[in-house]
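K.L.:
Take 1 as the starting number for the sequence shown in UniProt numbering and just add one per residue.
Heads up, the beta-carbon is just placed ideally off N, CA and C, and yes, glycines get one too.
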Amino acid sequence: MKFTIAFGVLGAMAQVGLARKCMPLSNSSSSIPEPSYSAIPVPSVSNESTSQYYSSEPAPTFTFQSSAGPYSTSPMPSEYSVTTPGPYSTSPMPSEYSVTTPGPYSTSPMPSEYSTGAASSAEEAETTPTSSAPASMPTSPVGGSAYQITLAQLNQAIPDRQSDDSCSSAQYPSECATNSRAVTAINSALTKYGITKRGEAVAVIALMAFESDNWLYNINHSPGRPGQGTRNMQMYNYNEEYAQLLHPSEASQALASGSNAENSVLALVLDDNDSFGSGFWYLVNKASAYHNSGKLADGSASDFQDYVVNGIGASWTSDRLTTWQSVNAALA
Numbered sequence: 001m002k003f004t005i006a007f008g009v010l011g012a013m014a015q016v017g018l019a020r021k022c023m024p025l026s027n028s029s030s031s032i033p034e035p036s037y038s039a040i041p042v043p044s045v046s047n048e049s050t051s052q053y054y055s056s057e058p059a060p061t062f063t064f065q066s067s068a069g070p071y072s073t074s075p076m077p078s079e080y081s082v083t084t085p086g087p088y089s090t091s092p093m094p095s096e097y098s099v100t101t102p103g104p105y106s107t108s109p110m111p112s113e114y115s116t117g118a119a120s121s122a123e124e125a126e127t128t129p130t131s132s133a134p135a136s137m138p139t140s141p142v143g144g145s146a147y148q149i150t151l152a153q154l155n156q157a158i159p160d161r162q163s164d165d166s167c168s169s170a171q172y173p174s175e176c177a178t179n180s181r182a183v184t185a186i187n188s189a190l191t192k193y194g195i196t197k198r199g200e201a202v203a204v205i206a207l208m209a210f211e212s213d214n215w216l217y218n219i220n221h222s223p224g225r226p227g228q229g230t231r232n233m234q235m236y237n238y239n240e241e242y243a244q245l246l247h248p249s250e251a252s253q254a255l256a257s258g259s260n261a262e263n264s265v266l267a268l269v270l271d272d273n274d275s276f277g278s279g280f281w282y283l284v285n286k287a288s289a290y291h292n293s294g295k296l297a298d299g300s301a302s303d304f305q306d307y308v309v310n311g312i313g314a315s316w317t318s319d320r321l322t323t324w325q326s327v328n329a330a331l332a
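1) Taking the straight line between their C-alpha atoms, what separation do you get for residue 165 and residue 175?
2) Would residue 257 be called buried (16 or more neighbouring beta carbons within 10 Å of its own) or exposed?
3) Under 8 Å between the Cβ atoms of residue 270 and residue 230?
4) When every heavy atom of the ligand HEM is checked, does at least one fall within less than 7 Å of the C-beta of residue 278?
5) Helix, strand or coil for residue 149? Go by DSSP, reduced to three states.
6) Just the Cα atoms here: how many angstroms apart are residue 187 and residue 253?
7) Give me the DSSP bridge partner(s) of residue 234.
8) On a Cα-Cα basis, can you pick out the residue from 327, 293, 301 and 150 that is closest to residue 185?
9) Give the range of the alpha helix (DSSP H) segment to which residue 191 is assigned.
10) What residues are listed by DSSP as bridge partners for residue 219?
11) State buried or exposed for residue 277, treating a residue as buried only when at least 16 other CB atoms are found within 10 Å of its CB.
12) Leaving out the 5 sequence neighbours to the left and right, which residues in its chain are closer than 7 Å to residue 198 when beta-carbon positions are compared?
13) Rounding to the nearest angstrom, what Cα-Cα distance links residue 152 and residue 212 in this structure?
14) What residue range is occupied by the uninterrupted alpha helix (DSSP H) comprising residue 264?
15) Is it buried or exposed for residue 171, if we count other Cβ within 10 angstroms and need 16 for buried?
16) Count the other C-beta atoms from every protein chain shown that fall within 10 angstroms of the C-beta of residue 227, then say buried if there are 16 or more, exposed otherwise.
17) Under the three-state reduction of DSSP, which class applies to residue 285: helix, strand or coil?
18) Give me the Cα-Cα distance between residue 319 and residue 163, rounded to the nearest whole angstrom.
19) Determine whether the beta carbon atoms of residue 279 and residue 208 lie at a separation below 8 Å.
20) Which same chain residues end up closer than 7 Å to residue 204 when comparing Cβ atoms and leaving out the 5 residues on each side of it in sequence?
21) Using beta-carbon positions only, say whether residue 327 and residue 206 come within less than 8 Å of one another.
22) If you draw a straight line from the alpha carbon of residue 155 to that of residue 244, how long is it in whole angstroms?
23) Using the C-alpha atoms, what's the distance from residue 304 back to residue 316?
24) So what's residue 214 in DSSP terms, helix, strand or just coil?
25) Can you give the Cα-Cα distance for residue 201 and residue 314, rounded to whole angstroms?
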């Protein structure tokens, strides 16, 4: 009993003590003064120490090596420069790739309506008709008397036209010429253009015989290019120049006519003298390297082939060789 009372008194005293400790402090009594804080100076931060972050000085520049990378806009180093024009270069073509100007016939072969089974080379030359002053014609043979042929020789060379009625069955009879007509015109042209070498006469006669199918045709009918014709079967641009030389007044009128002017110009040079003279005119004025130069003087097949391919600009065929052999043998 005594112990019970004692524990009760002690518990009550503990609660009172605890309550006093937990009471709020009064503002008016026993207030603990707040500690005072001295004004400790704040360390100053100088501009010098912060200039690397906040400085108004220009940002440092960074340089790179000058060698041009794959995306650099700097000029390409010389060791990588290209001096040789590529396939699409606009630089001038090197001389070793230059292309010579074609003659009256292109080098592309085409089926010929003028030969039996032969591949004709009378392709259209893609040149603009010229109105420049025509070349002058020689007035006398150069280096001696002009070479001449006989009717018997021409009949042997072109046997298809030795008969006077050999043109009666021709598709275009008005264009066909017999050898008796042809020999007079050929001899006149040999004199007019000063052809003194047998090899040159053989080459031109063989060329005209092949192109006109042994004097059958005087005009291109297939594919029917306007202005192409003569026994040399020249393209229009050559016939315009040829007509302006021989018939200047009439050629000017034909050119001014407008429609069908090409055929009107061609008609001026279709008579026997002009038509058979066209091959010799071309040799002297358009392929002068083969005239009086020794290139055709020997009268060899290789000389004639060179003239056809490089002087005329046509393709070489076995039928051309056959025609040349016939003329060469007859004029031996």
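P.N.:
On the basis of the coordinates in this document:
1) Here residue 165 refers to the residue found at position 165 when the sequence shown is read from its first residue. Here residue 175 refers to the residue found at position 175 when the sequence shown is read from its first residue. In a straight line, the C-alpha of residue 165 is about 14 Å away from that of residue 175.
2) Position 257 of the sequence shown, counted from the start, is the residue given in the question as residue 257. So residue 257 ends up on the exposed side.
3) Along the sequence shown, one-based indexing puts residue 270 at 270. Along the sequence shown, one-based indexing puts residue 230 at 230. Yes, the Cβ-Cβ distance between residue 270 and residue 230 is below 8 Å.
4) Ligands displayed in this structure: none; no statement on the ligand HEM is therefore possible.
5) The sequence position of residue 149 within the sequence shown is 149, counting from 1. If DSSP states are grouped into helix, strand and coil, residue 149 belongs with coil.
6) Reading the sequence shown from its first residue, position 187 is the one you call residue 187. Reading the sequence shown from its first residue, position 253 is the one you call residue 253. Computed Cα separation, rounded: 30 Å.
7) As a first step, residue 234 is located in the sequence shown; it is residue number 234 there, counting from the start. 229, per the DSSP bridge assignment.
8) As a first step, residue 185 is located in the sequence shown; it is residue number 185 there, counting from the start. Taking only the C-alpha atoms, the option nearest residue 185 is 150.
9) Residue numbering aside, residue 191 sits at position 191 when the sequence shown is read from its first letter. From DSSP, the alpha helix (DSSP H) with residue 191 extends over 179-192.
10) Stepping through the sequence shown from its first residue, residue 219 is reached at position 219. Answer is 229, bridged to residue 219.
11) Walking along the sequence shown from the start, residue 277 turns up at place 277. With 16 or more other Cβ atoms within 10 Å, it is buried.
12) Position 198 of the sequence shown, counted from the start, is the residue given in the question as residue 198. Excluding residues within five positions, the ones whose Cβ falls inside 7 Å are 147, 299 and 331.
13) One-based indexing of the sequence shown puts residue 152 at position 152. One-based indexing of the sequence shown puts residue 212 at position 212. Roughly 20 Å between the two C-alpha positions.
14) Looking up residue 264 in the sequence shown gives position 264. Here the alpha helix (DSSP H) through residue 264 covers 261-267.
15) In the sequence shown, counting from the first residue as 1, residue 171 sits at position 171. Exposed, because fewer than 16 other Cβ atoms sit within 10 Å of the Cβ of residue 171.
16) Taking the first residue of the sequence shown as position 1, residue 227 is located at position 227. Label assigned to residue 227: buried.
17) By 1-based counting over the sequence shown, the position of residue 285 is 285. If DSSP states are grouped into helix, strand and coil, residue 285 belongs with the helices.
18) Stepping through the sequence shown from its first residue, residue 319 is reached at position 319. Stepping through the sequence shown from its first residue, residue 163 is reached at position 163. Answer to the nearest angstrom: the Cα atoms are 23 Å apart.
19) Numbered from its first residue, the sequence shown carries residue 279 at position 279. Numbered from its first residue, the sequence shown carries residue 208 at position 208. In contact: residue 279 and residue 208 (Cβ atoms closer than 8 Å).
20) Position 204 of the sequence shown, counted from the start, is the residue given in the question as residue 204. Hits under 7 Å: 279, 280 and 283.
21) As a first step, residue 327 is located in the sequence shown; it is residue number 327 there, counting from the start. As a first step, residue 206 is located in the sequence shown; it is residue number 206 there, counting from the start. A contact, by the Cβ cut-off of 8 Å.
22) The count along the sequence shown starts at 1 and reaches residue 155 at position 155. The count along the sequence shown starts at 1 and reaches residue 244 at position 244. Approximately 33 Å between the Cα atoms of the pair.
23) Taking the sequence shown and counting its residues from 1, one reaches residue 316 at position 316. Taking the sequence shown and counting its residues from 1, one reaches residue 304 at position 304. Answer to the nearest angstrom: the Cα atoms are 10 Å apart.
24) Locating residue 214 in the sequence shown gives position 214, where the first residue counts as 1. Of the three classes helix, strand and coil, the one that applies to residue 214 here is coil, per DSSP.
25) The count along the sequence shown starts at 1 and reaches residue 201 at position 201. The count along the sequence shown starts at 1 and reaches residue 314 at position 314. Roughly 19 Å separates the two Cα atoms.
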